[in-house]
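This report refers to the structure that appears directly beneath it.
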Amino acid sequence: MPDVRKAPLVVEFPFTRSLGPVQRAFLTGLRERVVLGVRTTAGRVLVPPAEYDPDTAEELHDLVPVAATGTVTTWAWNHAPRPGQPLTGPFAWALVRLDGADTALLGALDAPGPDAVRTGMRVRVRWATERTGAITDIACFEPYDGPPEQPAPHTGEFENPVTGIVAHARLDYTYTPGRAQSDHLDALAERKVVGERCPRCHKVYVPPRGACPTCGIATTEHVEVGPRGTVTTFCVVNIKARNLDIDVPYVYAHIALDGADLALHARIGGIPYDRVRMGLRVEPVWTEGAPHPDHYRPTGEPDADYDTYKELL
Amino acid sequence: MSKEPVAVVGIGQSKHAAARRDVSLAGLVREAAQRAVDDAELSWADIDAVVIGKAPDFFEGVMMPELYLADALGAVGKPVLRVHTAGSVGGSTALVAANLVAARLHGTVLTVAFEKQSESNAMWGLSLPIPFQQPLLAGAGGFFAPHVRAYMRRSGAPDTVGALVAHKDRRNALKNPYAHLHEHDITLEKVMAAPMLWDPVRYSETCPSSDGACAMVLTDRAGAARAPRPPAWLLGGAMRSEPTLFAGKDFVSPRAGRDCAADVYRQAGITDPRRDIDAVEMYVPFSWYEPMWLENLGFAEEGEGWKLTEAGVTALDGDLPVNMSGGVLSTNPIGASGMLRFAEAALQVRGQAGEHQVPGARKVLGHAYGGGSQFFAMWLVGAEPPER
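From first to last, the protein sequence lines stand for chains W and L.
Going left to right, the first sequence walks through residues 15 to 327 as the working numbering numbers them.
Going left to right, the second sequence walks through residues 241 to 628 as the working numbering numbers them.
Pasting the structure below:
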């Protein structure tokens, strides 16, 4: 079996969240070691609180404090915690109905082993030492054999309420470019640009995707194109892109390589940006060790006639 | 068996802004949905199904937001459907909802679309660092700017037309209390003096990034008969798509857009759109797309769209007003932007568009597109029910 080209692809963003009135009170409460629920139209107390009644869709406002003690309603043992989970050693994921609440809150339960956990067992919140107004202010739950706590009355109003949080998200993929793009990359390593021709419509695709999007059939016939081509259209980019080491302004162009039936996109160099024009004839500029041409530069040929590339716009 | 006629009886939208930090995502969506339900003088219990749309999950990083938003939309015990077609999603979401009514699966359907761009990473979400590929060099504006240049070359339009569109749409937005941008001191000179971001596209000719939501209540003939205000009737609706890139793709006037419009006109009995349609609310994220879509939608011959813009035909008091609400150039919560176009068309034929009302508008087209000019959704709504 041939080597399959692959590489990690990490998608990682810090997303922000505005909390709205109910979650704002809930998370600020956690910072102050107060657990707030919300009372529904029918009188049930939801913890964690919802902004809208799950039964009637009414907007909910009536915040009520509940105890930091409660009862496990169900659980599952987590043998091998993953990075970012509440506890580093094995623990139970537990649904805990806090005293005074009608619904259960999900959390980690710190217990020596699965034999020490049972549905119906009593637990209490273990508060994080440093609290910021986030669900992680509840470090975890721990076994508890005392009486139910009696929560003090609370209005749900706090000084310096938390109005937003930042939620980090990360996805780890292994990316494989597939047969057609790998062939294309192999050719680029020899400084050749190779596309693929559709057996039905005979259009040449560069870079190839292994199939013709119009005919919906596989393409396998390799066709070397270029290296010269024509600028069909372009724009002058004046804003610097994140993580892109190119000085502005620069020209981002669509280039129809000779023999290709659609344009590829690349940067133009070797000419002042304000002298680039539609029809300009260009060729690739290679740099040692790079997988793609760094940019394209003018060949010095006369400009292509508009009629020769207008169908490729 | 003929289709059930579909009527828009409730319309709601949020106050759009760069950042709505006062509300959660659920609160933002609820604001629009509650206004639509109130406009129809219905309660949550009167809604039979919910159809929701937004742009990619990566934008706000909420996986399957329809689950989280079910409470806010009164969806308990009802079907909830999620639609996704990139920037055109607001339009296709409304059409999926309309089809449920037309097929008599549900009597009254709530449809909602939203984006909270201030909490999102639209730029990054669209530019993932795919291994073995050269990074995208230019962002969304850089993707579309070369096509604008191609249009200018093909049509011979003077390079001032884009600024005329931006000036007109931002002026229209001043009459729309929900619009994000309210640039009271806007002048044509200021539009033209703005820096080029992606030459030939100026900063002043690009859409903003907005938080916002839009919602509509769609219902059948019986529901329309009970409606407290005049309904807007669906006369034709269609969606079309095509690949992002293929040999022969016409980025200036994509075939999927032409075919989509032709389907809508056929359903609605429109033979001459320029004569038969009173106003158009179209998806124009970069100013030059007004003349481009005027041609793609059949309001002008190829290469002639810019002449309508330049002659003032598309002004609010023109013969064919375009983007009466201020359009995407004034408000752009991406996932909601298509539905805002559809909703504005419906507001116009209901006579409920307030200061940006086109007097006597009887048939108005709502238009949305998305992706790399590859997803299209359109509806034509009228003040009178369809003839059967």
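Here a beta-carbon is modelled for each residue, glycine too, at the ideal position from N, C-alpha and C.
Quantities reported herein were computed from a predicted structural model and do not represent experimental measurements.
Cβ-Cβ distances below 8 Å link LEU428 of chain L to ALA403, LEU404, HIS407 in the same chain, with the five nearest sequence neighbours on each side left out; the list follows chain order. ARG394 of chain L places its beta carbon 7 Å or farther from that of GLU244 of chain L. Taking a cut-off of 8 Å for Cβ pairs, the stretch 38-53 of chain W and the stretch 175-193 of chain W touch, as three or more such pairs fall below it. Secondary structure of CYS154 of chain W (DSSP, three-state): strand.
Taking a Cβ-Cβ cut-off of 8 Å, the neighbours of ASP69 of chain W in chain L comprise VAL316, given in sequence order.
Taking 9 Å as the Cβ-Cβ cut-off, the stretch 248-267 of chain L approaches chain W at ALA259, ARG260, ARG261, ASP262, VAL263, SER264, LEU265, ALA266, GLY267, given in chain order. Taking VAL431 of chain L as the centre and dropping the five residues before and after it, the same chain places the C-beta of ALA403, ALA406, HIS407, ARG410, ARG442, SER444, GLU445 closer than 8 Å to its C-beta, in chain order. Distance from the Cα of PRO573 of chain L is smallest, within the candidate group L:LYS415, L:CYS447, L:LEU309, L:ALA413, for L:CYS447. Between the beta-carbon of VAL277 of chain L and that of VAL457 of chain L there is about 6 Å, and that keeps the pair under the 8 Å contact cut.
Counting along the chain, the unbroken beta strand (DSSP E) around PHE27 of chain W starts and ends at 21-32.
For THR85 of chain W, the three-state secondary structure derived from DSSP is strand. With a beta-carbon spacing of about 14 Å, LYS324 of chain W and ALA487 of chain L fall beyond the 8 Å limit used to define contacts. Put simply, the CB of GLU544 of chain L is far from chain W, with every gap to its CB atoms at 7 Å or more. In this structure, the alpha-carbon of HIS279 of chain W lies about 44 Å from that of VAL349 of chain L. For THR87 of chain W, same chain residues with a beta-carbon under 6 Å away, outside a window of 5 residues either side, are LEU109, ARG111, ALA118 in chain order.
Note that the C-beta distance between ALA508 of chain L and LEU335 of chain L is not below 7 Å.
Look at THR42 of chain W here: in three-state DSSP terms it is helix. For ALA462 of chain L, the enclosing alpha helix (DSSP H) starts and ends at 461-466. The beta carbons of TYR287 of chain W and VAL250 of chain W sit closer together than 7 Å.
Residues of chain L with a Cβ closer than 8 Å to the Cβ of HIS236 of chain W do not exist, since the nearest Cβ in that chain sits about 17 Å away. At a beta-carbon threshold of 8 Å, the residues of chain W lying near ARG270 of chain L are GLU65, TYR66, GLU73, ordered along the chain. The Cβ atoms of THR333 of chain L and ALA353 of chain L lie closer than 7 Å to each other.
Annotation for SER527 of chain L: GLY402, VAL405, ALA406, GLU445 place their beta carbon closer than 6 Å to its own, counting only its chain and skipping 5 residues before and after.
Of the residues W:THR146, W:VAL61, W:THR247, W:ARG214, the one whose Cα lies closest to the Cα of ALA277 of chain W is W:THR247. ARG205 of chain W and LYS20 of chain W have their C-alpha atoms some 21 Å from each other. Annotation: the stretch 214-301 of chain W contains the following complete segments of the beta strand (DSSP E) (minimum length 3 residues), in chain order: 235-239, 243-251, 264-271, 278-282, 295-299. The Cβ atoms of HIS309 of chain W and ARG281 of chain W sit closer than 7 Å to each other.
For ALA106 of chain W, the nearest beta carbon of chain L is not closer than 7 Å to its own beta carbon.
Residues of chain L whose Cβ lies closer than 8 Å to the Cβ of ASN252 of chain W are, in chain order, PRO435, MET436, LEU437, TRP438, ASP439. Interface annotation, PHE27 of chain W: in contact with chain L, CB-CB separation under 7 Å. Between the stretch 498-507 of chain L and the stretch 605-621 of chain L there are three or more inter-stretch CB-CB distances shorter than 8 Å, so the stretches are counted as touching.
By the Cβ neighbour-count rule, GLN253 of chain L is buried, with 16 or more other Cβ atoms within 10 Å of its own. Taking 7 Å as the cut-off, the beta carbon of GLY575 of chain L is found no closer than this to the beta carbon of ALA266 of chain L. Residues of chain L with a Cβ closer than 8 Å to the Cβ of THR233 of chain W do not exist, since the nearest Cβ in that chain sits about 11 Å away. When Cβ-Cβ separations below 7 Å define contact, ASN536 of chain L makes no contact with chain W. Taken atom to atom, the span from the alpha-carbon of ALA312 of chain L to that of SER283 of chain L is near 13 Å.
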